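Structure record follows, encoded as structure tokens.
Quick look at the structure:
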């Protein structure tokens, strides 16, 4: 017995050593390689074993009667099969363990987490989850139903079909359906159809050689959108379509294609992305004109770039922002942008901005180009900043001393070119200005009580310019210029008065708050101001003034209500008295003199109920006996109400210009939305009227008709731009998850 045990132990030890001595004499590199290969083989074996175990998991079958056959088992009567996430119901099921196939017959139903599928007969392979079901009728979220003579399951996620009828309408008699020759269903992603015919009330209305219908639960799925059709008196007949590519959950691409019979072709790719350190969008619109285009463009094609990108760099809270809205031709943007505000002028530009912060220190660097194109005289104003650098120290405590110290250092290289419009202060044009600004400031809260507070601010502003003007000939010379301003400002807010009015269910608090601000700035040498090259508002000197303001508000709160009180009304009236009249008016005169007082400004905000708001802003100028601006905005926006809308009145008059100044305007703008109760019709309308020229500038009406599972959309728009009036009509429809393409450049008031 001992001899047998010894012999067995010897054999086991011999078998534990490899044959030969290759492993014993192998180099360390060979050992590592062999170890890596062995680990890789182990992983493959483990993965294959897991897959084998998963495939070999036996189905659980329940039935009224069980019979043994040569190849397996036959189950009859109320058969129920449970395997993984699948459940199969049938009158009869045959199971072949060797082939791992199920054959179900009679009232067959196959359910899974993604779908329910019924038919007359089912053959299903458990190894690769493939199979065929005859006379198939299926359902899957969201509210998708379909039928086919035969469905072939090619894997766990894909089913191919022949002659499919499909709809996502939940009506007993579906209002629409799509019939196609063949295609495939990718569960929870899309239905791909070839030779598809869209039928409404069993009437064929549209044939498409290829259609992809999204069934993704979150509504993001790759496929074509429904095209928009229409006609424009300026651009002719047009058709607009788009293809949406859901690349990832945080990345998508939309390809738009437009055709205008009188203008040409337009292509517009748009990509959107959202990553932990990068987010934004990039959109391009390229227009290829016809040779006989009615617009008579200067170029054979035009391009419009619209991009906004943000990069979080991960150190010192650094962020890089790149933005651009720039067309190759300003007229292209104006004619293809359905926006009334572009009638007189169009603004666009590009910028690059870097910002970082560490505690209370911030740093930024930027470059920008901004252009304003005046449509009425075909001219532009361009301001370039390359570069702009700024360093800030924000509210630094001074040890035991009270108050806070702040400092700002900046460098700017600014170039201004083009027309400086007469409505603006006098700027130097076609020049380049480099300036360095250093502004230390000190802030001290003199006292702060619940009913009154006073703040002192001391500031010293130093501006250094590399170039200046020669006073004799007004030419730019390479002589530096240093301007400095010392400023002291005291703000007194209060005393605050209030009274509370009690009612049965609520309380109202009436609050009155006056404020006085006094600012004194030293005067600089007038000869130095004559040498200054002014390219923007910062080059105008600060000025001394006294500002008076009075605010009163009504706050409403329910009794025993823990949330904050709601401010339902606020009125603020304010005015400034100028100590330095010329600087305060940017050296512009009214009736030959500099005004001593600013406009009397009034602001009213009224929120009497949820969704209803009234805002009024008025500035009355005593010297012209008229309002400089008077704006009234009334809006009602309540999501669950049937009627919503807004009405805006805007009046503007430049006090330094004549009455026929081109930007003096009186406008009315309104929009109205009506959702008819118990009727599937929605109306959206908008209108802009120019009282100055007594003309309608823009008008639109949009109708949305929801015919149960179908939405029809019709639009009619009118643009009156003088010589370029345009009348547009547009029609589209959407079926369930298959939406309609939208216009890339639409009116923001709609």
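Numbering (the working numbering), first residue to last: 480 to 1229. We put the CB at the ideal spot given by N, CA and C, even for glycine. Fair warning: this is a prediction, and the values are worked out from it, not measured in the lab.
Asked	Found
Less than 8 Å between the CB of residue 561 and some heavy atom of the ligand HEM, yes or no?	Among the ligands in the structure shown, none appear at all, so the ligand HEM cannot be discussed.
Give the straight-line distance between the Cα atoms of residue 926 and residue 1026, rounded to the nearest whole angstrom.	20 Å
Among residues of its own chain, excluding the 5 on either side of residue 676, which ones have a beta-carbon nearer than 6 Å to its beta-carbon?	658, 683, 686
Please report the residue range of the beta strand (DSSP E) in which residue 1185 lies.	1174–1186
Once DSSP output is grouped into helix, strand and coil, what is the label at residue 571?	strand
Whole angstroms are fine: how far does the CA of residue 806 sit from the CA of residue 722?	24 Å
Keeping to the same chain, check which residues put their C-beta closer than 6 Å to that of residue 889; ignore five residues upstream and five downstream.	869, 916
Tell me which same chain residues have a C-beta within less than 6 Å of the C-beta of residue 894, skipping the five on either side of it?	863, 911
Quick check: the Cα distance between residue 588 and residue 1185, rounded to an integer number of angstroms?	34 Å
Who are the Cβ neighbours of residue 1103 in its own chain at under 6 Å, not counting the five residues just before and after it?	1134
If you follow the beta strand (DSSP E) that residue 1009 is part of, which residue opens it and which one closes it?	It is not in any beta strand (DSSP E) - residue 1009 instead sits in the alpha helix (DSSP H) that spans 1005–1010.
Confirm, please, whether the CB-CB distance from residue 791 to residue 757 is below 9 Å.	yes
Mapping the DSSP letters down to three states, classify residue 936 as helix, strand or coil.	strand
Measuring CA to CA, which of 974, 955, 998, 898 is closest to residue 937?	998
So what's residue 513 in DSSP terms, helix, strand or just coil?	In this prediction, residue 513 scores a pLDDT of 35, lower than 50, which makes its location untrustworthy; the coordinate-derived value is nonetheless stated afterwards. Three-state DSSP puts residue 513 in a helix.
Quick one: Cα of residue 708 to Cα of residue 1210, how far?	5 Å
Considering only residues of the segment 935–1002, which uninterrupted beta strand (DSSP E) runs meet the minimum length of 3 residues and lie entirely inside it, listed in chain order?	960–972, 976–981, 985–1000
Span of the beta strand (DSSP E) holding residue 846?	840–853
By Cβ distance, which residues of its chain are closer than 7 Å to residue 575, with the 5 residues on each side in sequence left out?	550, 551
Alpha carbon to alpha carbon, how far is residue 617 from residue 512? Give it in angstroms, no decimals.	Here residue 512 scores only 38 on pLDDT, less than 50, and its place in the model should not be relied on; the value that follows carries that caveat. Their Cα atoms are separated by approximately 53 Å.
Please confirm if the segment 1066–1074 is in contact with the segment 1022–1042, defined as three or more CB-CB distances below 8 Å between the two stretches.	no
Quick check: residue 734 and residue 765, are their CB atoms within less than 9 Å of each other?	no
From the DSSP output, which residues share a beta bridge with residue 868?	844, 890
Cβ of residue 775 less than 9 Å from any chain C Cβ?	Note that chain C does not occur in the displayed structure, where there is just one protein chain.
Could you work out which residue in 1098, 609, 1154, 784 is closest to residue 1119 when comparing CA atoms only?	1154
Roughly how many whole angstroms lie between the Cα atoms of residue 779 and residue 788?	30 Å
Distance, Cα to Cα, residue 1053 vs residue 905?	28 Å
With 16 other CB atoms within 10 Å as the buried threshold, where does residue 951 fall?	exposed
So residue 1151 and residue 1188 are supposed to be a Cβ contact under 8 Å. How far apart are they, rounded?	Not really, about 27 Å apart at Cβ, beyond 8 Å.
Could you work out which residue in 1086, 1148, 598 is closest to residue 614 when comparing CA atoms only?	598
Where do the N-terminal and C-terminal ends of the alpha helix (DSSP H) with residue 1120 fall, by residue?	Per DSSP, residue 1120 belongs to no alpha helix (DSSP H) and is neither H nor E.
Quick check on the burial criterion: 16 or more other C-beta atoms within 10 angstroms. Buried or exposed for residue 1004?	exposed
Do the CB positions of residue 833 and residue 861 come within less than 9 Å of each other?	no
When you compare only the Cα positions, how much space is there between residue 636 and residue 738?	38 Å
Count Cβ pairs between the segment 659–671 and the segment 691–704 that sit closer than 8 Å; are there 3 or more?	yes
Within 8 Å, do at least three Cβ pairs link the segment 646–656 to the segment 577–588?	no
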